[in-house]
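Participant: Here it is, the structure, as structure tokens.
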Amino acid sequence: MADFLIRKLENFSRLSTEDRHALDQASRQRMRQIRPRDDIVREGDLPPGVNLILDGWACRYKTLEDGRRQIIAYLLPGDLCDHGVPILREMDHSIGSLTAVTLAEIPPETVRQLTADHARLAQALTWESLVAAAIQREWTVNIGQRTAFERLGHLFCELYLRLQAVGLTRGTTCEVPLTQAEIADTIGLSVVHVNRTLQELRSIGLIALRGRELTLPRLEALQRAVQFNPNYLHLDHEGRHLDANET
Numbered sequence: 208m209a210d211f212l213i214r215k216l217e218n219f220s221r222l223s224t225e226d227r228h229a230l231d232q233a234s235r236q237r238m239r240q241i242r243p244r245d246d247i248v249r250e251g252d253l254p255p256g257v258n259l260i261l262d263g264w265a266c267r268y269k270t271l272e273d274g275r276r277q278i279i280a281y282l283l284p285g286d287l288c289d290h291g292v293p294i295l296r297e298m299d300h301s302i303g304s305l306t307a308v309t310l311a312e313i314p315p316e317t318v319r320q321l322t323a324d325h326a327r328l329a330q331a332l333t334w335e336s337l338v339a340a341a342i343q344r345e346w347t348v349n350i351g352q353r354t355a356f357e358r359l360g361h362l363f364c365e366l367y368l369r370l371q372a373v374g375l376t377r378g379t380t381c382e383v384p385l386t387q388a389e390i391a392d393t394i395g396l397s398v399v400h401v402n403r404t405l406q407e408l409r410s411i412g413l414i415a416l417r418g419r420e421l422t423l424p425r426l427e428a429l430q431r432a433v434q435f436n437p438n439y440l441h442l443d444h445e446g447r448h449l450d451a452n453e454t
């Protein structure tokens, strides 16, 4: 059940059979099915156990008193919803599903046991948290400094590479089940501006978007056009010195 998380963590370090088995067992303790566009946890709630996205897309978001929403992170298959959050007294943001979602609820004590018994896994989970923080910083730069063209192209590059890292791309194509309104809530633009920018990216052959399928036929050209540097995703096997010694 933890296949996507294992694939993700192995971008940092190759895990042992025991590490993989422990993660798989932890992910099978309790599973939940969430309908599309339902809340998984709301701001102000008591933090739950650690949620692991097994299938589907979710997002973190904040809502202002007048109803305006800012999406502050996308949670894809293999993503943990903050494995340190149970130490807080209440949630300071909400997490909602964007599609139908299957998730595993992992009790905090199970996470503590995993990291105590599996040093390599503990290092890999720390890496996962640091990458999530790095993505958050990049999103801040996206909204604060980049043009609409750069914001949207940068988001598409990131999503494609994150999905590729867990084996969820087909050639230059991946599934991006987002509405234009959700994209607008992510990159700080109006829906009209998002639509106009999508048309611009299409017209110069940098993207093709048909329904839920996004194709990036010229990924390197898109990366150059929007000044995308993938270094913040840290997908270069930085923890190779921790690799399991297995044949």
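Numbering-wise, our numbering puts 424 at position 217 of the sequence shown, and it's gapless, one number per residue.
From the three backbone atoms N, C-alpha and C, an ideal C-beta is built for every residue, glycine too.
Being a predicted model, the structure only gives us computed values, none of them experimental.
1) What three-state label does DSSP hand Asp210 in the structure shown?
2) For Leu282 and Leu366, I'd like the C-alpha separation in whole angstroms.
3) Would you report the Cα separation of Ile390 and Ile302, rounded to the nearest angstrom?
4) Return the residue from the list Arg239, Arg431 and Ala428 that minimises the CA-CA distance to Val308.
5) Taking all protein chains shown into account, do 16 or more other C-beta atoms lie within 10 angstroms of the C-beta of Asp171, making it buried, or fewer, making it exposed?
6) Cutting at 8 Å between CB atoms, please list the residues of its own chain near Leu368, excluding the five before and the five after it.
7) For Glu272, which three-state DSSP category applies?
8) Contact defined as beta carbons within less than 8 Å: I believe Ala331 pairs with Leu216. What is the distance between those atoms, to the nearest angstrom?
9) If you pair each beta-carbon of the segment 222 to 238 with each one of the segment 262 to 273, do three or more pairs fall below 8 Å?
10) Tell me whether His361 is buried or exposed, calling it buried when 16 or more other Cβ atoms sit within 10 Å of its Cβ.
11) Using 10 angstroms around the beta-carbon of Thr454, count the other beta-carbons present and answer buried if the total reaches 16, otherwise exposed.
Facilitator: The short version:
1) Asp210 falls in the helix class under three-state DSSP.
2) Whole-angstrom Cα-Cα distance: 10 Å.
3) If I take the Cα positions, the gap works out to 16 Å.
4) Residue Arg239 is the option with its Cα nearest to Val308.
5) The chain is shown from 208 up to 454; residue 171 falls before or after that span and cannot be answered.
6) Listed in chain order, the non-local C-beta contacts of Leu368 below 8 Å within the same chain comprise Pro437, Leu440 and Leu442, local neighbours out to five positions each way being set aside.
7) Look at Glu272 here: in three-state DSSP terms it is coil, with no helix or strand label.
8) So it is a contact: roughly 4 Å between Cβ atoms.
9) Contact annotation: the segment 222 to 238 does not touch the segment 262 to 273, with fewer than three C-beta pairs closer than 8 Å.
10) Sixteen is the threshold: when 16 or more other Cβ atoms of the shown chains lie within 10 Å of the Cβ of His361, as they do, the residue is buried.
11) At Thr454, the pLDDT of 49 sits below 50, so the modelled position is not reliable; the number obtained from the coordinates is stated separately. Result: exposed.
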